[in-house]
Every structure is written in structure tokens, then in C-alpha cells.
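Student:
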Amino acid sequence: MPEWLVLTLAMVAACVVVVAITFVRHRAASEDEDPTETPDVIEYMTMWIGVIYAIVLGLAIAGVWEARGAAQDHVRAEAQALHEISERVRVYPPEVRDRIRDDVNAYVGHVVTTEWKAMADQGEVTERGDELLRRIRVDLTDYEPRDDFEAQAYQPLIDQISAADQARNARADSTEPTMPGVVWFGLITGAVITIGMILALQIRRTPRELILAVLFSALIAFMLFLIWDFDAPYSRGLAATADPFLDLFPDAGR
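Now the structure itself:
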């Protein structure tokens, strides 16, 4: 199901629930009930519940947005480390240089064309990617420099493959959703309580108040959708992308 359709259905559902509850309360209200008489304590509680829930929503959005940014940083660090390897091996003999570059290109191509889809669908990296990265490490570590010039390039290359491996592990750890189930329970329960307290204010005095209540409910649904969308850094609409790989290795996606 497209994500825009999920968002639309969530917002429409929130609006329908508010309108339906308001309609039922209006039909069930007694004739002598005065909707203008709302206890001050209810208004006070509604205000503070709204403030607290807004803070919780803000923290949740900040958390998933930071996780999404960190996931993109892992991709950028991995791509940059591999690019450095591909460039620094120019000091090696042609047969060694070409073999390392071919293995780097094979790994990047696998990540962009195959592993990225596996991360989105299954939430994990592939064993083939591990094998290809291991091959690059073997290429670098097993080569014995022949002179001081090559020896000076050897350690930086080892550092770069270690950085790429570390970034890959961090990328693998970031494929799972970042929000625990108990947090989702709190967010959804808080939304129900917040909207319920608004309905407790006897919203049926004017159409304007009903419209505001509907828009408020739709806004909460939209915020929850944003948290859900950011919660999986590699698999949803606003997810981290493989652009750093494609920028540094333009032929990787072909």
C-alpha cells in the first residue's frame, strides 16, 4: 500500500472518529443538558494533557529523525571509505590495483542493486555483502609492499577498510525500527486520551469547534505517521538512500 494512501486513511479515520463520537453524544444528550457548562478542572486537565503529549510527540519525532540522519551518515562514511581505497591503491602495481578496484566495484554494485532491497524488505544485510567486503580486506592485507612508497600507503588503506567495515556494521544495526513497542503504545494511548479529553469538553456548541477538533485529530494522525515513516531508516518513503554510493561510484547501479 502506498505511504501517501496510509497517511490519507489515517487522517480520514481520525476525523471520522471525532465526527462520529460528537454526533452520537449530540443524539444521546438530554434535552436539559447545557453544553456551555464545562467544569474548569476538565479544561485545566485537557490543557496539560495536550502540553505533555505535544512534548512526547516532539521527542519521538526528534529521536527517529536523528536515527534516520545517523543511518544516512553510516552510508556516507562507508561509501567514502571505499572511495578512498579505490583511489589510494593507484600506487600499487596495475594487476593488484585493478583487482582491488574490481572487488570494490563489485561490493558497491551488490549493495546498491541487491542488498539495499534486502534491507528494505527483510531488515538485514546480506551474507554476500559480507563476503565481498571480506574479499577486499584480504586483497589489502595480503599484499606485501615492495618499497617505502607502497608501504606508506599500506596502513591508510587498512584504516579505510576498517572504517568501511565499521560503517557497514553500523548500517546493519540501523535497519531495524528504532522505536520500541512500549513507546508506540504510549504514543497511541496518549493520542486517544488527548482526543478523548477534547471530546469531554462537550464539543458540539458550534460547527467551528467541531472543525477545529477534526483538524486537531488529523494533525495528531499526521504526526504519528511521520514517526512511523522515520522509524525504519532504510525502508520507507523518507528513508536514507544509497546516493552516497552512487555519487562516488556512478556505474554501481548499472
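Numbering of the sequence shown is given in the working numbering, commencing with residue 32 and proceeding in unit increments. Glycine is no exception: its CB is placed at the ideal position from the N, C-alpha and C atoms. The structure presented is a predicted model; accordingly, all values stated were derived computationally and were not measured.
#1: Pick from E155, E115 and G160: whose alpha carbon is nearest that of D190?
#2: In chain order, which continuous runs of the alpha helix (DSSP H) of length 4 or greater are located wholly inside the stretch 146 to 179?
#3: Using the Cα positions of T206 and A110, report the straight-line distance between them to the nearest angstrom.
#4: Is it a yes or a no for the stretch 80 to 98 touching the stretch 205 to 221, going by three-plus beta-carbon pairs under 8 angstroms?
#5: Count the C-beta pairs between the stretch 210 to 229 and the stretch 115 to 134 that are closer than 8 angstroms, then say yes if the count reaches three, no if not.
#6: Can you list, in chain order, the residues of its chain with a C-beta nearer than 8 angstroms to that of E146? Leave out the 5 residues immediately preceding and following it.
#7: For P208, which three-state DSSP category applies?
#8: Only counting the same chain, and skipping five residues up and downstream in sequence, which positions put a Cβ closer than 8 angstroms to that of D133?
#9: Considering only their Cβ atoms, is the gap separating A271 from P281 smaller than 9 angstroms?
#10: Determine whether the beta carbon atoms of A194 and A108 lie at a separation below 9 angstroms.
#11: Is it buried or exposed, M76, if we count other Cβ atoms within 10 angstroms and call 16 or more buried?
Tutor: In short:
#1: Translated into positions along the sequence shown, residue 190 becomes position 159. Answer by Cα proximity: E115.
#2: Given a length threshold of 4 residues, each whole run of the alpha helix (DSSP H) inside the stretch 146 to 179 is given here in chain order: 147 to 153 and 158 to 172.
#3: What you label residue 206 is simply residue 175 of the sequence shown in a count that begins at 1. What you label residue 110 is simply residue 79 of the sequence shown in a count that begins at 1. If you take the alpha carbons of T206 and A110, they lie about 17 angstroms apart.
#4: yes
#5: Verdict: no, contact absent.
#6: Numbered from 1 along the sequence shown, position 115 holds the residue referred to as residue 146. Around E146: V156, T157, R159 and G160.
#7: Here residue 208 refers to the residue found at position 177 of the sequence shown. Assigned with DSSP and collapsed to three states, P208 falls in coil, not helix or strand.
#8: On the sequence shown, position 102 is the one that residue 133 refers to. Here the set comprises nothing.
#9: Walking along the sequence shown from the start, residue 281 turns up at place 250. Walking along the sequence shown from the start, residue 271 turns up at place 240. Contact flag unset, no.
#10: Position 163 of the sequence shown, counted from the start, is the residue given in the question as residue 194. Position 77 of the sequence shown, counted from the start, is the residue given in the question as residue 108. Contact: yes.
#11: Position 45 of the sequence shown, counted from the start, is the residue given in the question as residue 76. So M76 counts as exposed.
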